[in-house]
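Notes to accompany the following structure.
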Amino acid sequence: MDNFTYTDDELLVRYIDGELDKEAQVKVEERLATDTVFNNSYEGLLISKEAVRQYGLKQKVSVIHKQMMQEQMAPVRQIGSGKKFLRYSLSIAATLVLLAGSLMLYNFFTLSADKVFNLKYQSYNLATARSNETKESHIVKAYREKNFLEVTKLFDAGTDKSNEAIFLAGIAALEVNNNAKAINNFRMVLAANQQLKQKLFNDEAEYYLALTYIRNADYDFALELLYKIRVDQNHSYNKSVTAKLLRQLKMLKWR
Amino acid sequence: MWLNELKREGRALVREEKFEKGQERPEMDFGLQLDDREGKQAVISVVEQLGETCKKILILFYYENLPMKDIVGATNFENEQVVRNKKYKCLKQLEQLLEANPTLKETLKNLLHG
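Sequence lines, in order, name chains A and B. Residue numbering for the first sequence is 1 to 255, as defined by our numbering. Residue numbering for the second sequence is 256 to 369, as defined by our numbering.
Here it is as structure tokens:
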């Protein structure tokens, strides 16, 4: 216990507040057991403390109740028709953007070289022979019969190295999924034309070479050829090279 | 609207938690509550007779259980000793007010001793 001298009440308050040391506490408790007046004072102070607690509890409940009532009474905000319209419009716009985004993502991830190739590829059709005046080569005949293995066999074994034969052998290779051979043949056609300054099967070779490059995932080579075809209005396959095709190739290249 | 509703529910939850915590105070035994309206009103009217400073100090110390140094920060008093002296005087004043209301004093006494 410190050296200050306390009145009984001060001592009791310090006892109630738990501020006395052990020795002082024992002394107070001994006195409480024997001194009725001291005990009554203690009782009075305890009752006062209890009054404060009850008051505090009541105040707290009152504050919480008030807060709850304020929340329940809070007015519901009315939204004007203009704002409502704007909100609905924005919701629809957001939904559309989301759908468009999802569609783009779906297209992006499902796009493949084979898919683009199959969308654009059509078997090459030879012009119909008008008469028997011009005798068709064996390769042309085999090609008309869609006997692509025979076309390849005849080309490899034969002596017909015309641009038509080289090109048809290229298409036949393409039909049997031999990309390397097809690329080789189409390039041979282009090289021969360049050398002889002619245009025999030139447009066809360029277009089908570009398609073969696509299937072979050589997107840079394919794009180079396709850009060339797209800017050439007189190219036989100019209309076949669409902006969509170029966009798809760029996506494939980027991916 | 649903966001506002969520916020409102969130606030209600916080409030309930706060209330629950208040109930969980070791000193706050709900068995020892004034359960009649008259008794509650009597306590309020007696404590309300104290000054604002007295009420504040007593509530912070005996209800909120704040330490003296925090009460010094929450009031304009110079130090803990000054607050301690003030608290003593306030408690004595309240004791005298209760002396003048024997019924309430008896009710509180009964509450105190269960």
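We put the beta carbon where it would ideally sit given N, CA and C, even for glycine.
Interface residues of the segment 35-51 of chain A facing chain B [CB-CB below 9 Å]: Within the segment 35-51 of chain A, the residues whose Cβ lies closer than 9 Å to some Cβ of chain B are SER41, GLU43, GLY44, LEU45, LEU46, ILE47, SER48, LYS49, GLU50, ALA51, listed in chain order.
Count the other C-beta atoms from every protein chain shown that fall within 10 angstroms of the C-beta of A/GLY44, then say buried if there are 16 or more, exposed otherwise. A residue is called buried when at least 16 other Cβ atoms come within 10 angstroms of its Cβ; A/GLY44 meets this threshold and is buried.
Given that B/LYS364 touches chain A, what residues does it touch there, using C-beta distances under 9 Å? For B/LYS364, the C-beta contacts it makes with chain A under 9 Å involve GLU43, LEU46, ILE47, GLU50, in order along the chain.
The alpha helix (DSSP H) enclosing A/TYR213, as first and last residue numbers: Counted as a single uninterrupted DSSP element, the alpha helix (DSSP H) harbouring A/TYR213 occupies residues 202-215.
Find out if the Cβ-Cβ distance for the pair B/LEU363, A/ILE47 is shorter than 8 Å. Yes, the pair counts as a contact, with Cβ atoms nearer than the cut-off.
If you run the structure through DSSP and keep just helix, strand and coil, what is A/GLN67? Helix, per DSSP.
With 16 other CB atoms within 10 Å as the buried threshold, where does A/VAL26 fall? By the neighbour-count rule (16 or more Cβ atoms within 10 Å), A/VAL26 is not buried but exposed.
Integer-rounded CB distance, given that A/ALA93 should sit under 8 Å from A/ALA217: With a contact defined as Cβ atoms closer than 8 Å, A/ALA217 and A/ALA93 miss out at about 38 Å.
State yes or no: is the C-beta of A/ALA157 within less than 8 Å of the C-beta of A/VAL151? Not a contact, by the Cβ cut-off of 8 Å.
Listed in chain order, which residues of the segment 329-355 of chain B have Cβ atoms closer than 7 Å to some Cβ of chain A? Listed by position, the residues of the segment 329-355 of chain B near chain A (Cβ gap below 7 Å) are TYR343, LEU346, LYS347, LEU349, GLU350, LEU353.
Which bits of chain B does A/GLU10 rub up against, with CB to CB less than 8 Å? The answer, in chain order, is TYR343.
With 16 other Cβ atoms within 10 Å as the buried cut-off, status of A/ASN163: Residue environment for A/ASN163: buried (at least 16 other C-beta atoms within 10 angstroms of its C-beta).
Chain A partners of B/LYS360, CB-CB under 7 Å? The CB of B/LYS360 comes closer than 7 Å to the CB of ILE47 in chain A, given here in chain order.
Within 8 Å of any Cβ in chain B, is that where the Cβ of A/GLY56 sits? It does: the Cβ of A/GLY56 has a partner Cβ on chain B nearer than 8 Å.
Indicate whether at least one CB of chain B lies closer than 8 Å to the CB of A/ARG53. Closer than 8 Å to some Cβ of chain B, the Cβ of A/ARG53 qualifies, so yes.
Between A/GLN67 and A/GLN54, what straight-line distance do the alpha-carbon atoms span, to the nearest angstrom? Spanning the two alpha carbons is a distance of roughly 20 Å.
Does DSSP put A/ALA191 in a helix, a strand or coil? Secondary structure at A/ALA191: helix, using DSSP grouped into helix, strand and coil.
Partners in chain A for B/LYS295, counting only beta-carbon separations shorter than 8 Å: For the C-beta of B/LYS295, the chain A residues within less than 8 Å are, from N- to C-terminus, GLN54, LYS58.
Pairwise C-alpha distance: A/ALA192 and A/LYS120: Looking at the two C-alpha atoms, the distance is approximately 26 Å.
From the beta carbon of B/VAL301, is the nearest beta carbon of chain A less than 8 Å away? At least one beta carbon of chain A lies nearer than 8 Å to the beta carbon of B/VAL301.
Listed by chain order, chain B residues near A/VAL13 by CB distance under 7 Å: Under the 7 Å cutoff, chain B gives TYR343, LEU346.
Should the segment 227-243 of chain A be called in touch with the segment 203-218 of chain A, which here means at least 3 C-beta pairs below 8 Å? Contact between the segment 227-243 of chain A and the segment 203-218 of chain A is present, because at least three Cβ pairs lie under 8 Å.
Which value, in whole angstroms, describes the spacing of the CA atoms of B/GLN278 and A/LYS49? Confidence is the limiting factor: at B/GLN278 the pLDDT is only 46, short of 50, which leaves the residue's position unreliable, though a coordinate-based value still follows. If I take the Cα positions, the gap works out to 18 Å.
Does the count of Cβ pairs from the segment 304-319 of chain B and the segment 337-354 of chain B closer than 8 Å reach three? Touching, yes, given that three or more Cβ pairs across the two stretches are closer than 8 Å.
For B/VAL298, go through chain A and note every residue whose CB falls closer than 8 Å to its CB, in chain order. For B/VAL298, the chain A residues whose C-beta falls within less than 8 Å of its own C-beta are ALA51, GLN54, TYR55, LYS58, listed in chain order.
Can you tell me where the alpha helix (DSSP H) with B/GLY294 in it begins and where it stops? DSSP places B/GLY294 inside the alpha helix (DSSP H), whose first and last residues are 292-302.
As a quick exercise: from A/ALA165, A/ASN177, A/LEU11, A/VAL176, pick the residue whose alpha carbon is nearest that of A/MET188. It is A/ALA165 whose Cα lies nearest to the Cα of A/MET188.
Give the DSSP-derived three-state secondary structure of B/PHE332 in the structure shown. DSSP places B/PHE332 in coil when its eight states are reduced to three.
Contact under 8 Å by Cβ, B/LEU353 with B/LYS347: Between B/LEU353 and B/LYS347, the gap from beta carbon to beta carbon reaches 8 Å or more.
Measuring only between beta-carbons, confirm whether B/ILE326 sits less than 8 Å from chain A. When Cβ-Cβ separations below 8 Å define contact, B/ILE326 makes no contact with chain A.
Would you decide whether A/GLY101 is buried or exposed? Buried here means 16 or more other CB atoms lie within 10 Å of its CB. For A/GLY101, the number of other beta carbons within 10 angstroms of its own is below 16, and it is reported as exposed.
By the three-class DSSP mapping on this structure, what secondary structure does A/HIS138 have? The answer is helix: DSSP assigns A/HIS138 an H, G or I state.
According to DSSP, is A/LEU126 part of a helix, a strand, or is it coil? When DSSP states are grouped into helix, strand and coil, A/LEU126 belongs to the coil group.
On a CA-only basis, which of A/VAL37, A/ASP220, A/ARG215, A/TYR237 is nearest A/VAL176? Give me that one, please. Between A/VAL176 and the set A/VAL37, A/ASP220, A/ARG215, A/TYR237, the nearest pair of CA atoms involves A/ARG215.
Using the C-alpha atoms, what's the distance from A/PHE186 back to A/ALA210? Computed Cα separation, rounded: 10 Å.
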